[in-house]
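See below for the structure under consideration.
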Amino acid sequence: MTRLAVVAACLLPTALDLTILTLAVPSLIRQLGASPREVLWIADIYSLLMVSMVLVTGPFGDRIGHKRLLLNGLVIFGLASVCCAFASSPALLIAGRALLAVAASMIIPATLAIIRQIYPGDRERGFAIGVWSAVNAGGAALGPVVGGLLLEHFWWGSVFLVSVPFVVVALAAAALVLVNEPAAAPEPWEPASPLLVVAGVIGVIYTVKDLAHGGTVVLPAILGAGCLFLFVRRQLRAEHPMLDLTLFRSPLLRAGVTTVVVPVLVVVGFELLLGQHLQLALGMSPWEAAVFLLPMPLAAFFAALCGGALGLRFAVPLGLGAAAVGYAGLAASADHVVMSVCLVLIGGGYGMVQTAASDAIMSGAPPERAGSAAAVESVSYELGAGLGVALLGSLMGALTMAGFADGFRVVAVVCAVPLLLVGGYVLLRRSRYAAMPSR
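Numbering-wise, the working numbering comes out as the position in the sequence shown, counting from 1, plus 1.
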């Protein structure tokens with residue numbers, strides 16, 4: 002239990018940092034002089050770079066040991082947080098966030114792989130991943146609350162400095178408590194694959210954002226799609242692939258990936274828009290908006306503890322159905338009480354699904370591929386987050402430019418649709434996942 006607490010402490014700063022800028026958008030525009038497009042890149046570069054970097058760092062932990070990877074990641078994360086806090090321009094802040102992504106790509110898969118090593122049994126691992134998911138979901142949902150509190154009293158850079166004490170404590174605890182497992186035999190590494198992923202994802206996302214702001218350039222999308230195609234072909238043919246695509250032969254792992262990407266896409270992207278809506282449309286201060294959002298992380302934390310017990314085939318339909326009702330409620334009513342209830346449904350549904358999905362991914366891979374499975378989980382999470390900010394942010398921008406007065410409500414309805422589709426799909430095919438027991 003002590004080792005699990007240490008792993009959770011190491012994960013918390015990365016979860017907070019994913020969403021801590023949610024309420025900082027007005028401050029970044031006002032104090033740093035960031036344009037709306039620069040704000041989207043500041044928020045998005047963290048997740049987008051994580052998608053490619055974790056493909057390197059996850060399997061790398063299998064080679065050098067996951068504890069060693071974790072400690073190095075914590076050191077870099079602390080230094081990058083200080084750099085972000087004192088950035089003097091949007092470009093420097095984007096660079097600092099990119100360095101944070103490199104560090105987080107080392108921390109997140111290492112923590113999940115360590116859990117896989119500490120708890121080889123299904124029941125114990127289900128509980129441990131439930132705690133991991135609770136910290137991940139609760140930390141991500143708590144990010145806006147912490148950010149709002151700091152922005153009420155300090156400058157925008159304070160949202161990055163808050164991670165430093167957590168990192169120092171986690172670093173000391175991990176060094177003392179965790180044991181470095183024997184590393185696997187080193188395999189050849191080549192730089193082309195991560196470069197293809199970076200170019201592919203950023204090319205596609207850049208085009209989405211450009212089109213939303215009235216652009217007409219599609220060449221980056223073509224180049225991006227081509228890079229992603231080359232990456233997949235390279236992995237299928239390589240003797241030592243950076244990402245073991247054979248893991249996707251497991252139906253359980255495929256279902257877990259889908260039920261990570263879609264809910265994260267919706268909740269992270271929508272939360273950024275919700276933070277702006279509360280401040281700019283409803284006139285709340287950062288602290289008032291933070292308090293208003295508080296039911297969401299609380300529900301996510303406690304529901305995540307239950308997701309492992311329900312299992313994928315029950316947690317996903319129930320959780321995604323509840324979240325879809327929450328988004329529909331936000332679209333239908335601006336009453337504060339109704340909105341609070343909706344946030345509980347969204348947070349609770351999200352937390353429940355994330356636990357079951359993460360457990361499915363790790364259970365769908367053999368123990369010796371724990372690092373690769375953890376990389377798949379992390380890629381799924383960060384890909385969903387990056388796409389959510391890009392797609393929903395761009396949709397909201399396009400609706401605003403087109404003169405839609407109720408763009409926020411339109412986006413809320415759009416968010417409910419994929420949740421219902423994925424939840425219904427898992428419900429109809431739940432017998433395929435019967436091999437994964439309820440815990």
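Just so you know, even glycine gets a beta-carbon here, dropped at the ideal spot from N, CA and C.
Worksheet item: Can the beta-carbon of residue 352 be found closer than 8 Å to that of residue 300?
Response: Result yes, Cβ atoms of residue 352 and residue 300 sit closer than 8 Å.
Worksheet entry | Nearest neighbour of residue 250, chosen from 429, 268, 367 [CA to CA] | Comparing C-alpha distances from residue 250 to each of 429, 268, 367 shows the shortest one belongs to 367.
Fill in: Backbone CA spacing between residue 347 and residue 408 [nearest angstrom]
Rounded to whole angstroms, the gap between the alpha carbons of residue 347 and residue 408 is 19 Å.
Practice prompt. Express the C-alpha separation of residue 109 and residue 239 in angstroms, rounding to a whole number.
Written response: So the alpha carbons of these two residues sit roughly 25 Å apart.
Item to complete: Please say whether residue 266 and residue 389 have beta carbons closer to each other than 8 Å?
Response: Their beta carbons are under 8 Å apart, which means residue 389 touches residue 266 by this criterion.
Practice prompt. Taking all protein chains shown into account, decide if residue 278 is buried (16 or more other Cβ within 10 angstroms of its Cβ) or exposed.
Written response: Buried, by the Cβ-count rule.
Discussion item. Please tell me whether, using a cut-off of 7 Å, the distance from the CB of residue 114 to the nearest non-hydrogen atom of the ligand MG is below it.
Written reply: Absence of the ligand MG is noted for the structure shown, with no ligands found whatsoever.
Worksheet item: Hey, out of 333, 80, 416, whose CA is closest to residue 166's CA?
Response: Taking only the C-alpha atoms, the option nearest residue 166 is 80.
Worksheet item: Below 8 Å between beta carbons: does that hold for residue 316 and residue 259?
Response: 8 Å or more divides the Cβ of residue 316 from the Cβ of residue 259.
Discussion item. My output table needs one value for residue 219: the three-state DSSP class, helix, strand or coil.
Written reply: Residue 219 carries a coil assignment under DSSP once its states are collapsed to helix, strand and coil.
Worksheet item: Between which two residues does the alpha helix (DSSP H) carrying residue 274 extend?
Response: Membership of residue 274 in the alpha helix (DSSP H) is indicated by the continuous run 252-277.
Item to complete: Could you have a look at residue 240 and say whether DSSP puts it in helix, strand or coil?
Response: In this structure, DSSP gives residue 240 a state outside helix and strand, which the three-state scheme calls coil.
Discussion item. Quick check: what's the CA-CA separation for residue 385 versus residue 179?
Written reply: Straight-line spacing of the CA atoms in residue 385 and residue 179 works out to 30 Å.
Item to complete: Report the rounded CA-to-CA distance for residue 401 versus residue 283, giving the unit in angstroms.
Response: Those two C-alpha atoms are separated by around 16 Å.
Worksheet entry | residue 102 versus 64, 68, 57, residue with shortest Cα-Cα distance | Taking only the C-alpha atoms, the option nearest residue 102 is 57.
Worksheet item: Skipping 5 residues on each side, what residues in its chain have a beta carbon closer than 8 Å to that of residue 169?
Response: Excluding sequence neighbours, residue 169 sits near 79.
Discussion item. Quick check: what's the CA-CA separation for residue 440 versus residue 158?
Written reply: For residue 440, the predicted model reports a pLDDT of 40, less than 50, meaning its position is unreliable; a value from the coordinates is still stated below. The alpha-carbon separation between residue 440 and residue 158 amounts to approximately 42 Å.
Discussion item. If contacts are defined as beta-carbon pairs under 8 Å, then residue 71 and residue 111 qualify, I think. What distance do you get, rounded to the angstrom?
Written reply: Sure, about 4 Å apart at Cβ, within 8 Å.
Worksheet item: Going along the chain, which residues of its own chain have a beta-carbon closer than 7 Å to the beta-carbon of residue 298, five neighbours each way excluded?
Response: Cβ within range, chain order: 139, 142, 143, 146, 348.
Worksheet item: Excluding five sequence neighbours on each side, which residues of the same chain lie with their C-beta closer than 6 Å to the C-beta of residue 380?
Response: Same-chain partners within the cutoff: 52, 55.
Worksheet entry | Outcome for residue 156 when other beta-carbon atoms lying within 10 angstroms are tallied against a minimum of 16 | With fewer than 16 Cβ atoms within 10 Å of its Cβ, residue 156 is classed as exposed.
Worksheet entry | Beta-carbon gap between residue 257 and residue 135 smaller than 8 Å | No, the Cβ-Cβ distance between residue 257 and residue 135 is not below 8 Å.
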